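*Asks:* Counting from 553, one number per residue, gives the positions in the sequence shown under my numbering.
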Amino acid sequence: MTNTIEPFALPAQGEQKRTCMQDIVSRLEQQLSQDISRIHQPDSNSAARHAAQRLQAVAEHAPAFLAVLAEPWLDCPVSERTEQLLLDCARIHLYARILDDALDEGLTVCRQNLLRAQPMFWQTVQRIGARVPTRVAQEAEQLIQETVSAVLHDDLRGDPQYWGPKNHHLLLVPLLLSENSAAYQACRSGLSNLIALVQAGDEWKQGVLTDVSLRAELLDFVTQCLDPEQLATLSRLGWQGAAERIVWNADQLISVLSEPSCV
553 MTNTIEPFAL
563 PAQGEQKRTC
573 MQDIVSRLEQ
583 QLSQDISRIH
593 QPDSNSAARH
603 AAQRLQAVAE
613 HAPAFLAVLA
623 EPWLDCPVSE
633 RTEQLLLDCA
643 RIHLYARILD
653 DALDEGLTVC
663 RQNLLRAQPM
673 FWQTVQRIGA
683 RVPTRVAQEA
693 EQLIQETVSA
703 VLHDDLRGDP
713 QYWGPKNHHL
723 LLVPLLLSEN
733 SAAYQACRSG
743 LSNLIALVQA
753 GDEWKQGVLT
763 DVSLRAELLD
773 FVTQCLDPEQ
783 LATLSRLGWQ
793 GAAERIVWNA
803 DQLISVLSEP
813 SCV
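#1: Within 10 angstroms of the Cβ of Arg590, are there 16 or more other Cβ atoms? Answer buried if so, exposed if not.
#2: Check whether the stretch 577–592 and the stretch 663–676 are in contact - that is, three or more C-beta pairs closer than 8 angstroms.
#3: Can you tell me which of the three DSSP states Thr504 falls into?
#4: Among Ala611, Asp587, Ala616, Ala599, which has the Cα closest to the Cα of Asp575?
#5: By a C-beta neighbour count over all protein chains shown, 10 Å radius and 16 as the cutoff for buried, is Leu655 buried or exposed?
#6: With the cut-off set at 8 angstroms, would you say Leu766 and Gly681 are in Cβ contact?
#7: Could you tell me which of Asp653, Gln636, Thr634, Glu691 sits nearest to Leu607, measuring between CA atoms?
#8: Going by DSSP in three states, Leu761 sits in which element: helix, strand or coil?
#9: Once you ignore the five residues that flank Thr676 on each side, which residues in its own chain have a CB closer than 7 angstroms to its CB?
#10: Can you name the start and end residues of the alpha helix (DSSP H) that Arg643 belongs to?
#11: Exposed or buried, what is Glu581 when buried is set at 16 or more other beta-carbons lying within 10 Å of its beta-carbon?
#12: If contacts are defined as beta-carbon pairs under 8 angstroms, then Gly793 and Glu612 qualify, I think. What distance do you get, rounded to the angstrom?
#13: What is the DSSP secondary structure of Asp627, reduced to helix, strand or coil?
#14: Please tell me whether, using a cut-off of 7 angstroms, the distance from the CB of Gln593 to the nearest non-hydrogen atom of the ligand PLP is below it.
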């Protein structure tokens with residue numbers, strides 16, 4: 553039987569907090585779907601359908617992951633500031649997918665989507681810039697620089713060490729919500745590892761994990777992600793769901809990589 557790495561789900565929480573997180577996720581899904589409908593023009597050809605499916609996957613799966621990254625701020629009632637920053641970060645992630653598709657897919661529809669996404673992107677960046685102090689903005693710029701650098705390195709040679717950093721735009725969520733707090737800095741590596749493990753699941757589903765040396769590197773990286781002190785820090789500072797998901801994803805990956813078909 554083949555193990556599967558499932559779409560990201562919300563962590564187990566108290567009933568009130570879980571309901572609150574689910575409400576946020578539902579609103580983000582709805583808003584992203586509306587954004588996509590303004591950016592992507594439906595067409596019956598296969599290229600347009602493929603592009604639409606990739607964008608809709610962001611609306612369906614990203615909000616739950618973003619909610620886990622924002623877990624310390626999602627106690628009811630969730631503030632207007634928190635909800636707006638989450639939406640802004642969700643739109644940045646949607647834009648990252650649109651940009652990625654325009655670069656990688658080689659389709660006219662993807663390039664057109666990139667053009668139509670510009671107003672949403674610039675409005676979002678301006679809104680974030682108006683809300684955060686300079687020191688936080690500088691750290692946000694660093695995350696984007698890390699994202700770009702890691703993507704360029706990973707394009708040359710797939711390496712699990714880059715799978716977290718190449719998605720570091722997702723760390724805008726805890727960075728902006730915490731205003732670069734000591735708690736965020738203490739948990740930054742652990743949250744990056746969570747992102748990397750989720751990316752590893754995607755790489756497996758895409759059939760990338762066939763190279764023996766790459767599998768060995770990934771197993772070594774997964775072991776590093778299970779550092780007990782790092783997991784304890786995440787749980788203690790409010791990211792219990794992230795810590796639980798690291799353990800779950802690591803277990804799934806170890807099982808997948810241990811199957812005879814992967815040897």
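From the three backbone atoms N, C-alpha and C, an ideal C-beta is built for every residue, glycine too. Just so we're clear, the structure is a prediction, and the values are computed from it rather than from any experiment.
*Replies:* In brief:
#1: exposed
#2: yes
#3: In the structure displayed, the chain extends from 553 to 815; residue 504 sits before or after that span and is not available.
#4: Ala616
#5: exposed
#6: no
#7: Asp653
#8: coil
#9: Asp640, Arg643, Ile644
#10: 632–656
#11: buried
#12: The pair is not a contact, with the Cβ atoms about 19 angstroms apart (cut-off 8 angstroms).
#13: coil
#14: Within the structure as shown, the ligand PLP is missing, as the structure has no ligands at all.
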